[in-house]
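Colleague: This is the structure I want to talk about, given as structure tokens.
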Amino acid sequence: MKRSRLLAVLVGGIFCVAVMSLYRMLELMQGAELQQRLDTPIGQDEDLSRLQQKIDKLELLLSDNNRLVATLRDTLIQRKASWETGRGANGSSGSTRQLPGCRLAEEMKDGTDGVQLLDVYDLLPFDNPDGGAWKQGFKIRYQGNEWDEQPLEVFLVPHSHNDPGWLKTFDRYYEDQTKHILDNMLIKLSEDSRRKMIWAEISYFSKWWNDIDEQKRETVKSLVGAGQLEMVTGGWVMADEANSHYFALLDQLMEGHQWMQRHLGVKPSTGWAVDPFGHSPSMAYLLKGAGLSHMVIQRVHYAVKKHFAQQRTLEFLWRQSWDSSPRSDITCHMMPFYSYDVPHTCGPNPAVCCQFDFHRLPGGRVFCPWTIPPQPITEQNVQERALLLLDQYRQKSRLFRSPVLMVPLGDDFRFVEASEWDAQFTNYQKLFDYFDQHPELHVKARFGTLSDYFSALSRRVAAAGSTLPTVRGDFFTYADRDDHYWSGYFTSRPFYKRLDRTLEATLRATEILFSLTLAEMRRLHGDGRLAADFPAREHFGRLTAGRRSLALFQHHDAVTGTARDPVVVDYGNRLFESILNLHAVLQSSAHWLLLLDKSQYHHDQSKPFMQMVDVMSSQDALPQKTPLTLSDQPRSVMVFNPTEQLQTSVVSILVDSPDARVVAAETGQPVVAQISAVWAGPSRAATDSFQLDFVAELPPLALVVYHVTRSSVGSAPRARYTFRRRGNLPNVQVEHFQVSRPDAAEADAPLSLSNKHVQIWSSPETGFLQKLRLQSGLVRRLQVQFLWYGTRTGASRDKSGAYLFLPGEEGAQVYSPPEPPLVRVSRGPVFSDITSCFRHFTHTVRLYHLDGHAGRSLEISNTVDIRSEVNRELAMRLVSDVANGNRFYSDLNGFQMQQRRTLAKLPLQANFYPMSTAAFLQDSASRLTLLAAQSQAVAALRPCELELVLDRRLQQDDNRGLGQGVTDNKLTASLFQLLLEDRRGGAKEVGGASVEHLSLLAHLTSLSLCHPPITMVALSNSQLPKLRPFLPLRSSLPCDVHLLNLRTLEDAQEADNPSQEVALLLHRKGFDCSSAPEPQLKCTWSVHEEVSLDGLFSPLRFGSLRRSGLTLLRDHDEPESARQQTSPRITRLRPMEISAFRAEID
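Residue numbering for the sequence shown follows numbering that gives the first Met the number 0, beginning at 0 and increasing consecutively.
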């Protein structure tokens, strides 16, 4: 009875709200009509303007009403579901309500034909027996009559793998090799229409395009149109798939695809990734979303390749783990052998295949290590040579289910000289002609592109009435031979991995603010014009250069940390210069948006209106804060929130006085602030600068202004400090702050900090975390440890290098400092923290005293310096009592979570995986999530433990071609958030390869960690023009909808100019059901997939809006007939999916 009554009350409530809202709307409309009658006709324009305002108001009321009704409807569904399952909202404290729209943990199950890579790993013995000629495989047998009914169809695919930086810089490679390859390609493909070639790296192709004349460009277009030259993947680079974040992966694809559309008028349909060191399903998802239907991968663990070859599943449909439908499927071809060079592509025997790499003919600079050189094809030897090659083709073909065979022909920087083109093409053509003249051999071989091959494969599969098997999972961690696992590069050059993410966050923020600025200018002028003095074209050029610098760094020898030292410096300079250029765009855009009187805007590059608070002095230096000189006159501090959520953030600036006051410029209300010391050394504070932290309430995508002034002495709350060190305390040099030392009774007591949500206890000796308690009462052991890994010893043994992690037999050794650390505890109204100062690193755990979810996590920061070490790697380990068994989860590219299993049959280095943004341990009662602002290697080598590698310094090459160690270490910062959550009621442990997602709280914490507020200051405190905050959105987007980008597109008519169109990219996150966020979040979320984009972005208005592919190619736009012309525009945002729209903001 009680339930029925409650249901009736809820339904009645919804009805009343709807009726009252409608009544209010009618009242407004009548009021508008009455006003129209009473008004004297001063001017038709004014009437129309007033009417437009009324209509706008009505639309907003409708939108708010729809949102309110939707919320009530969700609440009703939620309540009903909980009653039906016997779990009411007022149940026991151990229960939780089911979150609307969340993704239940579920086991990934396929039919009999489906493959789950985690199960493959459980199955394989990883015993590595000698396979004979195919050392890592097995002997392949065939009868000879297998092709009598269906002849063998061979496509020989010429390619040249051009690294945009590795042993040489991008520009040096281009001048020495790449431009000659492309010059010769034009000549040699034009000589014979049977010749084909594929090209992948648009970064090089676009540079070459700028160097050639119009006639050559026309030749390129005709070769592409004739199918002789195919652009494959179409990315700016062949991207790394382990360390790269999905924003950057998609951005480099978009940069390449947009270039292809403008200059060649084509779009790619096939992917080619032969050199990334392991492969991610996130990349497969992005390729499919960008319109590609097929892809090729190469660097997969040799034991997995062997298994796939034995099962004949090397061609498969790669499906996303979280997708129960085939919507995300992409046809994938896994190359079966060791490498993508010629000796490892024609068949299983490299000694034979090398004889068919005609670049290695005697007399050249390259030879066959198997000692048998190639022979030029003549009438005398063509039969013997053709049959030898055919035997390899046939053996390779037996590893696949169809009689269609793809054979790559190429290697790194091949086809530089005209002589190589002639040697390869003429000799192979003689072999192909021989096959054609002997139909009894049942083989048709020819030069081809990937599209040629996949078209033939699709035809054969369809004709046979069969389907390819489905595969779920990822292909990490890669091993190419023995126990040589490529888990070192997950961490190598961590300074630049961090810089990569700094540029990414800066680029995204600048894209959004620049797009909003142009839209606001057009709205203000009403005729599409921009502000006369605003350098839109120059800024768009800076944005494009920033996109391309970030794109270039996603190359699989850049963000990976596997390039030579001078090349790393070149990449670093590009990243650094792009950050500076983007800052100029940010400052200029913010300047115009904040001005109350826009006519006062004046662009002067030499005298900018404002400057950044965080400034880098060079490509290899950590950012430093610009100190502000305070006086009685207010200094304006502008803060931009680049996220789509209302954020309670702590803004940090440096000032020259310990007495400062901060007020919100708009209201004059003071905000909570704290003055802390700036530490010049572990126990020595600077005397001329102080850190001012204040709490800022930042609406979504908003620019907000604060005023900072010098205040009366002692009026600003100051941090209080306690110092500890075993033995003698050092001389503490601090003015202006209260400093205390623990008395004898306190000396051995654990250090403790707490806020409204969390309490922590730390070791009094090391300052390292020991225990954590939530407000709910959940207590967990949580110990932080630091570790050293060494490498193998012995002159003849392989050792760790840039790519490989080959730890010594002793495993990890707990870090034991040469002297006891100084532990510094600070307490204040904004934050409290514990800092441990060791010789090789400084480690800080900080709690923020914030309401809402922002205070729920612990901030962990490390500053690492291992430049004094030899062959050592520093790791941080968390030891908990979360009973996770041998399973943990790490993210793939920040896009999705992937279950990992720690396997005893694998060596230690094989159990490390890439982590771009997140990893967690969980049991049925709790989940421990570590969120990161940079990528690194992660492992859970024992139950209850999670560890990350922070930096590595290695004196030797690891024999993968780099020719050097990793010794260019820097003072490197790493930043994390640690989150402990209850898993109540809905939590269940799911067997098999289960799909899990981050919680809503973890998603929002990760968002603020990866996209912190951007702070700028007015250059002087002289009389400033009047500023007002810029607040583009009325409310936050739903908690689970992320604004991935709002990217201004290039004008189709005027090159290098911004158009009125933007790429609107939204990612709806999948989130976990087992923990309801506490405290309650300020954003909303819904069970429904349909949303009103007008409602989400209100009061922004879209003049036009068309769904498109992920790289915004016009061919992928939805047809004009499907476009919704009027508001509200309803669209479907499926959980986990990225949706792309071509939009004009009115």
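Heads up, the beta-carbon is just placed ideally off N, CA and C, and yes, glycines get one too.
Note that the structure is a prediction, hence the values are computed from the model and not measured.
Starting from the N-terminal side, write out each stretch of the alpha helix (DSSP H) that is 4 residues or longer and does not extend beyond the region 954 to 1041.
Modeller: As far as the region 954 to 1041 is concerned, its whole alpha helix (DSSP H) runs of at least 4 residues are 999 to 1009.
Colleague: State the Cα-Cα distance for the pair F366 and L360, rounded to the nearest angstrom.
Modeller: C-alpha separation (whole angstroms): 7 Å.
Colleague: Which residue wins for smallest C-alpha separation from T928, given the options G464, Y339, S879 and H735?
Modeller: T928 has its Cα closest to that of S879, out of G464, Y339, S879 and H735.
Colleague: Among L777, Q784, R952 and Q895, which residue has its Cα nearest to the Cα of S762?
Modeller: Residue Q784 is the option with its Cα nearest to S762.
Colleague: Have a look at M333, E314 and D390 and flag the residue whose alpha-carbon is nearest the alpha-carbon of V351.
Modeller: Selected option, being the one with the closest Cα: D390.
Colleague: For D254 and W235, which I take to be in contact (beta-carbon distance under 8 Å), what is that distance rounded to the nearest angstrom?
Modeller: In the sequence as presented, Asp is not what sits at residue 254; that position holds Glu. 5 Å between Cβ atoms; contact.
Colleague: Leaving out the 5 sequence neighbours to the left and right, which residues in its chain are closer than 6 Å to D451 when beta-carbon positions are compared?
Modeller: Counting only Cβ-Cβ distances below 6 Å, and skipping sequence neighbours, we find F154.
Colleague: Is the separation between the beta-carbon of G789 and that of T476 shorter than 8 Å?
Modeller: The answer is no: Cβ separation not under 8 Å.
Colleague: Find the nearest neighbour of R521 within the set S320, R1100 and R717, judged by alpha-carbon distance.
Modeller: Comparing Cα-Cα distances from R521 to each of S320, R1100 and R717, the minimum goes to R1100.
Colleague: Take every Cβ of the region 759 to 774, pair it with every Cβ of the region 709 to 718, and state whether three or more of those distances are shorter than 8 Å.
Modeller: Touching, no.
Colleague: Under the assumption that A385 contacts L430 (Cβ atoms under 8 Å), give the Cβ distance between them as a whole number of angstroms.
Modeller: Right, the Cβ-Cβ distance comes to about 5 Å (below 8 Å), so this counts as a contact.
Colleague: Tell me the rounded alpha-carbon separation between G560 and V567.
Modeller: Between G560 and V567, the C-alpha separation is close to 8 Å.
Colleague: Shortest alpha-carbon distance to A1051 belongs to which of L181, D421, D1093 and L1112?
Modeller: Answer by Cα proximity: L1112.
Colleague: With DSSP collapsed to three states, give me the class of C943.
Modeller: Three-state result, C943: coil.
Colleague: With a CB to CB cut of under 6 Å and the five nearest residues on each side skipped, what residues in its chain are close to V822?
Modeller: The residues are R723, G766 and S835.
Colleague: Buried or exposed: E944, going by 16 or more other Cβ atoms within 10 Å of its Cβ?
Modeller: It counts as buried.
Colleague: Looking only at its own chain, which residues have a Cβ that is under 6 Å from the Cβ of P493, when we skip the five neighbours before and after it?
Modeller: Hits under 6 Å: D950 and T971.
Colleague: I need the straight-line Cα distance from L517 to A530, nearest angstrom please.
Modeller: Spanning the two alpha carbons is a distance of roughly 9 Å.
Colleague: Three or more beta-carbon pairs under 8 Å between the region 214 to 224 and the region 238 to 255, yes or no?
Modeller: Flag = no, the region 214 to 224 and the region 238 to 255 do not touch.
Colleague: Suppose you measure from the CA of R541 to the CA of L585; what does that come to, to the nearest Å?
Modeller: The alpha-carbon atoms of R541 and L585 are separated by roughly 11 Å.
Colleague: How should P1031 be labelled, buried or exposed, when 16 other C-beta atoms within 10 angstroms of its C-beta is the threshold for buried?
Modeller: Burial call: buried.
Colleague: Excluding the 5 residues preceding and the 5 following T642 in the sequence, name in chain order all residues of the same chain whose CB lies nearer than 6 Å to its CB.
Modeller: Around T642: L1006 and H1010.
Colleague: Round the Cβ separation of G800 and V965 to the nearest angstrom and send it over; I've been treating them as touching at under 8 Å.
Modeller: About 7 Å; that satisfies the 8 Å criterion.
Colleague: Please go through the same chain and pick out, in chain order, the residues whose beta-carbon is closer than 6 Å to the beta-carbon of A695, but skip the five residues on each side of it.
Modeller: Cβ within range, chain order: V638, S648 and V650.
Colleague: Kindly list the residues whose CB is nearer than 6 Å to the CB of R470, restricted to its own chain and excluding five residues on each side of it in sequence; keep chain order.
Modeller: Reading off the sequence, residue 470 comes out as Val, not Arg. Cβ neighbours of V470 beyond the five flanking positions: V114, F315 and W317.
Colleague: Report yes if the CB atom of N885 is closer than 8 Å to the CB atom of R536, and no otherwise.
Modeller: Not a contact, by the Cβ cut-off of 8 Å.
Colleague: State the beta-bridge partners of E1143 as determined by DSSP.
Modeller: DSSP, once it has assigned bridges, lists E1060 and S1103 as partnering E1143.
Colleague: Taking buried to mean at least 16 other C-beta atoms within 10 Å of its own C-beta, is L947 buried or exposed?
Modeller: By the 10 Å Cβ count, L947 comes out buried.
Colleague: Check whether the Cβ atoms of T1014 and V614 sit closer than 8 Å, and answer yes or no.
Modeller: No, Cβ-Cβ distance for T1014 and V614 is not below 8 Å.
Colleague: Can you list, in chain order, the residues of its chain whose CB lies under 8 Å from that of S292, leaving out five sequence neighbours each side?
Modeller: The residues are S268, T269, I329, T330 and F453.
Colleague: Determine whether the beta carbon atoms of F830 and D692 lie at a separation below 8 Å.
Modeller: Yes. Within cutoff.
Colleague: So, at 8 Å on beta carbons, what are the nonlocal neighbours of D665 in its own chain, with the 5 sequence-adjacent residues on each side left out?
Modeller: Here residue 665 turns out to be Glu, not Asp, going by the sequence shown. The answer, listed in chain order, is V703, V704, R1027 and P1028.
Colleague: Got a sec? Which residues, its chain only, sit under 6 Å from R826 by beta carbon, not counting five neighbours each side?
Modeller: Answer for R826: R719, listed in chain order.
Colleague: Do F919 and Y888 have their C-beta atoms within less than 8 Å of each other?
Modeller: It is a contact, given that the beta carbons lie within the stated cut-off.
Colleague: State the Cα-Cα distance for the pair M334 and D864, rounded to the nearest angstrom.
Modeller: Those two C-alpha atoms are separated by around 41 Å.
Colleague: Check whether the Cβ atoms of R982 and Q921 lie closer than 8 Å to each other.
Modeller: The answer is yes: Cβ separation under 8 Å.
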